[in-house]
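Peer 1: Numbering-wise, the sequence shown is residues 0 to 201 according to numbering that gives the first Met the number 0.
We treat Cβ as the ideally placed atom computed from N, Cα and C, and that holds for glycine.
No experiment lies behind these values; they were computed from the predicted model shown.
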Amino acid sequence: MLSLYRPGRGWLHRMPAGPKLVFLALIAVALAALPSSWAIVPVVVGLPVVLYACAGMGVLVGATELGRQVWALRWVVVVTAAGQLIFLGPEPAVSNTARVVAALVVVGLLPLTTRVSAMLDAIESGLGPLRRVGVDPARAALLLTVTVTTVPVLARLAAEVRDAQRARGVRPSLSRGALPFLIVALRHADDLGDALAARGIR
Numbered sequence: 000m001l002s003l004y005r006p007g008r009g010w011l012h013r014m015p016a017g018p019k020l021v022f023l024a025l026i027a028v029a030l031a032a033l034p035s036s037w038a039i040v041p042v043v044v045g046l047p048v049v050l051y052a053c054a055g056m057g058v059l060v061g062a063t064e065l066g067r068q069v070w071a072l073r074w075v076v077v078v079t080a081a082g083q084l085i086f087l088g089p090e091p092a093v094s095n096t097a098r099v100v101a102a103l104v105v106v107g108l109l110p111l112t113t114r115v116s117a118m119l120d121a122i123e124s125g126l127g128p129l130r131r132v133g134v135d136p137a138r139a140a141l142l143l144t145v146t147v148t149t150v151p152v153l154a155r156l157a158a159e160v161r162d163a164q165r166a167r168g169v170r171p172s173l174s175r176g177a178l179p180f181l182i183v184a185l186r187h188a189d190d191l192g193d194a195l196a197a198r199g200i201r
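1. Are residue 102 and residue 28 closer than 9 Å when you measure CB to CB?
2. According to the Cβ coordinates, are residue 54 and residue 121 closer than 9 Å?
3. Short check: CB of residue 112 to CB of residue 4, under 9 Å?
4. Can you tell me the Cα-Cα spacing of residue 1 and residue 152, whole angstroms?
5. Who are the near neighbours of residue 14 in its chain, counting only those whose CB is closer than 6 Å to its CB and skipping five residues on each side?
6. Go ahead and label residue 109 buried or exposed: buried means 16 or more other beta carbons lie within 10 angstroms of its beta carbon, across all protein chains shown.
7. Could you pull out every unbroken alpha helix (DSSP H) segment of at least 4 residues lying fully inside the segment 52-86, listed in chain order?
8. Considering only residues of the same chain and omitting the five flanking positions on each side of residue 59, which have a CB-CB separation below 6 Å?
9. Going by other Cβ atoms of all chains shown within 10 Å of its Cβ, with 16 needed for buried, is residue 92 buried or exposed?
10. Which one of 185, 154, 133, 163 has the shortest CA to CA distance from residue 75?
11. Can you tell me which of the three DSSP states residue 110 falls into?
12. Name the residue from 11, 71, 77 whose alpha carbon lies nearest to the alpha carbon of residue 49.
13. Label residue 97 either buried or exposed according to how many other C-beta atoms from any shown protein chain fall within 10 Å of its C-beta, with 16 as the threshold for buried.
14. Thinking residue 47 and residue 65 are a contact (beta carbons under 8 Å), I'd like their distance in whole angstroms, please.
15. Note the first and the last residue of the continuous alpha helix (DSSP H) segment covering residue 125.
16. Give me the Cα-Cα distance between residue 68 and residue 129, rounded to the nearest whole angstrom.
17. Using 8 Å for Cβ pairs, my map puts residue 7 next to residue 56. What's the rounded Cβ distance?
18. Would you kindly report the start and end of the unbroken alpha helix (DSSP H) that includes residue 17?
19. Apply the 10 Å Cβ neighbour rule to residue 99 and answer buried if 16 or more other Cβ atoms are within range, or exposed otherwise.
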């Protein structure tokens, strides 16, 4: 499985995976629950900036990763803001879009500061009590971990396709990048499937 983990020695890296997952989830829920007003925009913009800067990856790396996360969500921003701007007006459109993006990039800190193995162990441990009702914690943990990491991985693969096109002197575009991206995405899916099969999961 392609890992998004970025080594570091900060407090967020040192925090155990289980409490970290709960901590980031609570922050994301709190951001999403804020009222739709101009006053909350500086808060929802500033909090992810502070978290990424202080996460322990280094200020420069943190800023770069935050930029990548936001850039990967650019179409979410466009669609969310445009629809609400038409039907609700500027204040709800800006504040709601900022809340959604902030919540998503905060959750994006989990795979950046947590090894996949630690994430799997934490989720499997947390889902342990559900074994009594027939849920396989190992499979459920794997599903949740793959879900958390898939979107950022695909965003990174898309960025690599664009970088490869620029290196060849080709101007990146949707029409030129769709086929290469589809190929690398399918290759990643095949590799993931092989990794799961090797672990006896089908």
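Peer 2: So, to answer that:
1. yes
2. Between residue 54 and residue 121, the gap from beta carbon to beta carbon reaches 9 Å or more.
3. yes
4. At residue 1, the pLDDT of 45 sits below 50, so the modelled position is not reliable and the matter cannot be decided from this model.
5. none
6. Around the beta carbon of residue 109, a 10 Å sphere encloses 16 or more other beta carbons of the protein chains shown; the residue is thus reported as buried.
7. 58-71, 73-86
8. Its chain contains no residue whose beta carbon lies nearer than 6 Å to that of residue 59 once the 5 sequence neighbours on both sides are disregarded.
9. buried
10. Looking at 185, 154, 133, 163, the one whose alpha-carbon comes closest to that of residue 75 is 154.
11. helix
12. 11
13. buried
14. 6 Å
15. 115-125
16. 33 Å
17. 5 Å
18. 16-32
19. Residue 99 should be labelled buried.
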